[in-house]
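Chemist:
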Amino acid sequence: MAFFSDLSGDAVRDAIDARERYRLLRQALAELRHSYGGSMKFEARGDADYLIRRPFRGTGRRSCGRRSPETENMLRKFEEGKAAAEERVQSLRKLLEEQAPVLRARGLGRVPLLTARVIRKFEDLGWLGRTLLVLGTNALYAYEAAAAVRIEAGMLATGDVDVLYDARRKLVMSGEVGERGLIGALQSVDRSFQPVGRRSYTAANKDGYMVDLLEPLDYDRVMRQGPARMSAAPDDLVAVSTESSRWLLNVPKFSATTFDEKGLPVRIVTIDPRAFALQKQWILENDPTRDPAKRRRDGEQARLVAKLAVRHLGLSFNDSALSALPRSFLDLADRLEVPPIDEAPLW
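Here the sequence shown is numbered in UniProt numbering, starting from 1 and rising by one per residue.
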């Protein structure tokens with residue numbers, strides 16, 4: 001079975017247009033936060049007023065000097081630039097909201113709403129693609145978006161999100177949400193999220209939707225520092241190590257913009273599709289305790305993603321970009337049954 005179908009030309013065109021607008025929105029948001037985030041205002045200090053700049057998501061402050069024509073002009077330019085940046089963000093948001101029903105009608109509204117909200121929160125906090133990667137079935141939404149196909153629903157059914165945590169990278173925490181780590185971020189999306197037990201790697205909401213925090217198996221790091229967690233908050237999740245994800249932080253990342261069930265964009269950052277296929281095949285062959293139904297879908301997802309990678313994304317398993325994977329992983333490519341690309345007729 002193919003397990004997917006190609007998108008129509010109209011759907012592809014509309015998706016490209018929406019992704020470009022979303023790219024512009026992300027650029028505008030980055031400018032707003034970097035150049036105009038926080039505040040700038042005059043504050044009394046003793047017998048004089050000073051222009052004080054307070055950064056976005058920070059507790060520090062910087063004095064730009066005493067009140068003068070120069071600092072008053074600096075404040076005026078800051079306020080004008082911030083207003084213009086905010087107007088640009090609002091305009092792009094409105095355009096995307098107006099286009100969303102069209103994308104939904106084209107069948108492009110794919111990612112479950114709660115999944116999209118969780119991933120967007122990671123993006124807003126600056127974690128997505130830096131310290132957190134989306135793993136598991138939800139990665140398929142990124143692969144199908146990049147390949148301009150629609151994967152059948154049965155291959156996408158899941159009630160959770162797996163996220164891979166890179167404990168080597170220092171997190172920038174600020175505000176109540178950030179300082180409470182992953183559980184704080186999840187509860188800002190849905191207040192019903194709670195850890196499933198003490199020192200758990202899983203959080204679940206009132207409807208049973210789960211988020212699992214994973215980390216690659218690294219005996220040396222765990223012996224030195226203990227199980228990874230994103231904050232010191234007592235109720236934050238504690239990552240669980242998995243053998244199958246041991247090398248996944250060393251493979252290329254893969255990013256694509258897809259759309260949630262309402263037709264609004266969401267960027268997913270995950271692992272290279274070839275690494276995904278190899279990992280699923282490894283699980284299929286090396287985890288005999290796994291539920292038989294899950295093992296069957298592991299194999300189906302492995303072959304599906306391998307085919308998308310080779311036939312639709314033009315990727316090869318014989319690529320130095322995958323050299324960080326062990327030979328035992330790379331040799332599994334021979335069992336993924338990727339058909340060769342047909343030669344086009346000369347006439």
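Ideal Cβ placement from N, Cα and C applies to all residues, glycine included. All values derive from a computational prediction rather than experimental measurement.
Can you tell me which of I271, F259 and I183 puts its alpha carbon nearest to the alpha carbon of residue 349?
Modeler: The question about residue 349 has no answer here: the residues shown for the chain are numbered 1 through 347.
Chemist: Taking Cβ positions, are A228 and A324 nearer each other than 8 Å?
Modeler: Result no, Cβ atoms of A228 and A324 do not sit closer than 8 Å.
Chemist: Please state the DSSP three-state secondary structure of L315.
Modeler: DSSP places L315 in coil when its eight states are reduced to three.
Chemist: Using the Cβ count rule (16 or more neighbours within 10 Å means buried), how would you classify V196?
Modeler: Exposed.
Chemist: Which residue comes first and which comes last in the beta strand (DSSP E) that contains residue 349?
Modeler: In the structure as shown, the chain begins at 1 and stops at 347. Residue 349 is therefore absent and cannot be evaluated.
Chemist: I need the DSSP call for P216, collapsed to helix, strand or coil.
Modeler: It is a strand residue.
Chemist: Mind reading off the beta-carbon distance from I271 to A84? Whole number of angstroms is fine, and I expect it under 8 Å.
Modeler: Not really, about 38 Å apart at Cβ, beyond 8 Å.
Chemist: Do you know offhand how far L103's Cα is from A145's?
Modeler: Distance between the alpha carbons of L103 and A145 is about 13 Å.
Chemist: Give me the DSSP bridge partner(s) of I119.
Modeler: Bridge partners of I119: none, in fact.
Chemist: On a Cα-Cα basis, can you pick out the residue from D162, L313, A321 and V305 that is closest to F4?
Modeler: Looking at the Cα atoms, V305 is the closest of the given residues.
Chemist: Do the CB positions of P216 and S255 come within less than 8 Å of each other?
Modeler: No, these two residues do not count as a Cβ contact at 8 Å.
Chemist: Is it true that the CB of L128 sits closer than 8 Å to the CB of R21?
Modeler: For R21 and L128, no; Cβs fall outside 8 Å.
Chemist: Cutting at 8 Å between CB atoms, please list the residues of its own chain near F122, excluding the five before and the five after it.
Modeler: For F122, where only same-chain residues beyond five positions count, the Cβ hits under 8 Å are L128, L132, V163 and A185.
Chemist: Do you know how far the Cα of R106 is from the Cα of L264?
Modeler: Computed Cα separation, rounded: 13 Å.
Chemist: Since A139 is in the alpha helix (DSSP H), which residue starts that stretch and which ends it?
Modeler: It spans A139 to A147 - the alpha helix (DSSP H) in which A139 sits, taken as one unbroken run.
Chemist: Do we get a CB-CB distance below 8 Å when we pair A100 with the residues of chain C?
Modeler: In the structure shown, chain C does not exist; there is a single protein chain.
Chemist: Which residue comes first and which comes last in the alpha helix (DSSP H) that contains S328?
Modeler: S328 -> alpha helix (DSSP H) spans R327 to L330.
Chemist: Run through DSSP, which three-state label would P292 get?
Modeler: Looking at P292 - three-state DSSP - the assignment turns out to be helix.
Chemist: Alpha carbon to alpha carbon, how far is R262 from R88?
Modeler: Note that residue 262 corresponds to Lys in the displayed sequence, not to Arg. Roughly 22 Å between the two C-alpha positions.
Chemist: Taking the runs of the beta strand (DSSP E) that are 3 residues or longer, which of them lie wholly in the region 36-88?
Modeler: Entirely contained in the region 36-88, the beta strand (DSSP E) runs reaching 3 residues are, in chain order, 39-45, 48-54 and 62-66.
Chemist: Kindly provide the ranges of any beta strand (DSSP E) runs that are 3 or more residues long and lie completely inside the region 230-268, ordered along the chain.
Modeler: Counting only runs of 3 or more, we get 240-242 and 253-259.
Chemist: List the residues that DSSP assigns as beta-bridge partners of A203.
Modeler: P195 and V211, per the DSSP bridge assignment.
Chemist: Could you tell me which of R274, A293, S328 and G81 sits nearest to V310, measuring between CA atoms?
Modeler: Closest option to V310, Cα to Cα, is R274.
Chemist: Could you tell me the distance, in whole angstroms, from the CA atom of G126 to the CA atom of L32?
Modeler: If I take the Cα positions, the gap works out to 14 Å.
Chemist: Mapping the DSSP letters down to three states, classify R150 as helix, strand or coil.
Modeler: In this structure, R150 counts as strand in the three-state DSSP scheme.
Chemist: Closest to S68 by CA distance: which of L278, R61, E97 and F42 is it?
Modeler: Checking every option, the nearest Cα to that of S68 belongs to F42.
Chemist: Tell me, to the nearest whole angstrom, how far the beta carbon of V266 is from that of R130; I am working on the premise that it is less than 8 Å.
Modeler: Contact doesn't hold; Cβ gap of about 17 Å is too wide.
Chemist: Quick check on F276: buried or exposed, where buried means 16 or more other Cβ atoms within 10 Å of its Cβ?
Modeler: Flag for F276 reads buried.
Chemist: If you run the structure through DSSP and keep just helix, strand and coil, what is D10?
Modeler: Correct three-state label for D10: helix.
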